[in-house]
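Engineer: My questions will all concern the structure given below.
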Amino acid sequence: MKFLIIEDNRSLAKSLKDILSKDYLIDIEHSGRSGVFSALTSEYDLIILDLQLPDMDGLEICQNLRQEKLTLPILILTGKNTVESKIVLLNSGADDYLTKPFSMAELKARIKSLLRRSVNHTYQNQLEIGSLLLNTDTKTVVLNNKMLKLSKKEFMLLRYLMKKPDISISRLSLFEHVWEGNLGFNSNKIDVHIYNLRQKLHSSCENQIIKTVHGDGYMLESSSLLPQVTYKNI
Numbered sequence: 173m174k175f176l177i178i179e180d181n182r183s184l185a186k187s188l189k190d191i192l193s194k195d196y197l198i199d200i201e202h203s204g205r206s207g208v209f210s211a212l213t214s215e216y217d218l219i220i221l222d223l224q225l226p227d228m229d230g231l232e233i234c235q236n237l238r239q240e241k242l243t244l245p246i247l248i249l250t251g252k253n254t255v256e257s258k259i260v261l262l263n264s265g266a267d268d269y270l271t272k273p274f275s276m277a278e279l280k281a282r283i284k285s286l287l288r289r290s291v292n293h294t295y296q297n298q299l300e301i302g303s304l305l306l307n308t309d310t311k312t313v314v315l316n317n318k319m320l321k322l323s324k325k326e327f328m329l330l331r332y333l334m335k336k337p338d339i340s341i342s343r344l345s346l347f348e349h350v351w352e353g354n355l356g357f358n359s360n361k362i363d364v365h366i367y368n369l370r371q372k373l374h375s376s377c378e379n380q381i382i383k384t385v386h387g388d389g390y391m392l393e394s395s396s397l398l399p400q401v402t403y404k405n406i
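Numbering (the numbering used here), first residue to last: 173 to 406.
See the structure below:
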């Protein structure tokens, strides 16, 4: 699993990464704007967000991410300990909060609790773009009413691409998400699996659904899955 830490205190951010990287992949951003960009363009399972950042307020970041339909758990780190401030945090889209100073043991416990809750969110179990339907619970993919038989890696690649339609995703990002950084980065491995996935998609759709973005990676083109409208002169 992969987490994003948005924390301007570099010492604290490093400490969090040192502890959590034993169990998870960790990315760090030290400003609100860079954190929002990473959250919207990469795939994460949880965000740890500091409330007070130099360029953006943590509440604003949380609200922006929810407006962009990001449903992943957000854990806020705050120095405020009043009931009113905690209510504001939860009403702004945060799933939980930790008051500074906190113990790493409590942080780990909160993270595990949030991840358990996230797994139980049944509304996240289905992705649909035009004629392409992917169900994460049953691990099934249907394209133009035809069931496709995908390998585990092909399924994970397609799921990641469907969550970021019309956005170029680098080979490195695909590798980190699907293989979770367990092996050394291998672009050829990505290309082979994408080729096989394309072949299976093409068996049910004439259009090229997954486009190559030269110099970067791949992109799922949503328009290739939508009905084509033709106009006739009257």
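Beta carbons: idealized from backbone N, C-alpha and C, even for Gly.
#1: Thinking C-alpha only, which one of Gly265, Thr213, Lys252 is nearest Ile233?
#2: Give the DSSP-derived three-state secondary structure of Ile341 in the structure shown.
#3: Between which residues of its own chain and Pro385 is the CB-CB distance below 7 angstroms, once the five residues before and five after are set aside?
#4: Can you tell me whether DSSP reads Leu212 as helix, strand or coil?
#5: State the DSSP-derived secondary structure class of Leu237, mapped to helix, strand or coil.
#6: Evaluate the contact criterion for the segment 281-290 versus the segment 197-206: three or more CB pairs, one atom per stretch, below 8 angstroms.
#7: Bridge partners of Asp180, per DSSP?
#8: Mind checking whether Leu244 and Ile220 have CB atoms under 8 angstroms apart?
#9: List, from N- to C-terminal side, the alpha helix (DSSP H) runs of 4 residues or more that fit wholly inside the segment 330-395.
#10: State the Cα-Cα distance for the pair Glu326 and Ile366, rounded to the nearest angstrom.
#11: Quick check on DSSP: helix, strand or coil for Met228?
#12: Taking C-alpha atoms, which residue in Arg205, Ile248, Gly230 lies nearest to Leu218?
#13: Report buried or exposed for Val208, applying the criterion of at least 16 other Cβ atoms within 10 angstroms of its Cβ.
#14: Give every residue of the same chain whose Cβ lies closer than 6 angstroms to the Cβ of Gly204, excluding the five residues on either side of it in the sequence, and list them in chain order.
#15: By the 10 Å Cβ neighbour count, where 16 or more other Cβ atoms means buried, how is Val255 classified, buried or exposed?
Structural biologist: A quick look at the data gives this:
#1: By one-based count along the sequence shown, residue 233 stands at place 61. The option with the nearest alpha carbon to Ile233 is Gly265.
#2: As a position in the sequence shown, residue 341 is number 169, starting the count at 1. DSSP, reduced to helix, strand and coil, places Ile341 within a strand of the structure shown.
#3: Here the question's residue 385 lines up with position 213 in the sequence shown. Checking the displayed sequence, the identity of residue 385 turns out to be Val instead of Pro. Ser340, Met391.
#4: Your numbering for residue 212 matches position 40 in the sequence shown. Looking at Leu212 - three-state DSSP - the assignment turns out to be helix.
#5: Sequence index remark: in the sequence shown, residue 237 carries index 65 (1-based). Helix.
#6: Counting Cβ pairs under 8 angstroms, fewer than three are found: no touch.
#7: Here the question's residue 180 lines up with position 8 in the sequence shown. Under DSSP, no beta-bridge partner is assigned to Asp180.
#8: The residue labelled residue 244 in the question sits at position 72 within the sequence shown. The residue labelled residue 220 in the question sits at position 48 within the sequence shown. Taking 8 angstroms as the Cβ cut-off, Leu244 and Ile220 do not qualify as a contacting pair.
#9: You should have 343-350, 359-374.
#10: Indexing the sequence shown from 1 puts residue 326 at position 154. Indexing the sequence shown from 1 puts residue 366 at position 194. The straight-line gap from Cα to Cα measures roughly 7 angstroms.
#11: Along the sequence shown, one-based indexing puts residue 228 at 56. Three-state result, Met228: coil.
#12: Reading the sequence shown from its first residue, position 46 is the one you call residue 218. The residue among Arg205, Ile248, Gly230 with its C-alpha nearest the C-alpha of Leu218 is Ile248.
#13: Sequence index remark: in the sequence shown, residue 208 carries index 36 (1-based). By the neighbour-count rule (16 or more Cβ atoms within 10 Å), Val208 is buried.
#14: Numbered from its first residue, the sequence shown carries residue 204 at position 32. Once the five neighbours on either side are set aside, the close Cβ partners of Gly204 are Leu225, Asp227, Met228, Ile233.
#15: Position 83 of the sequence shown, counted from the first residue, corresponds to residue 255. In the assembly as shown, Val255 is an exposed residue. Its beta-carbon has fewer than 16 other beta-carbons within 10 Å.
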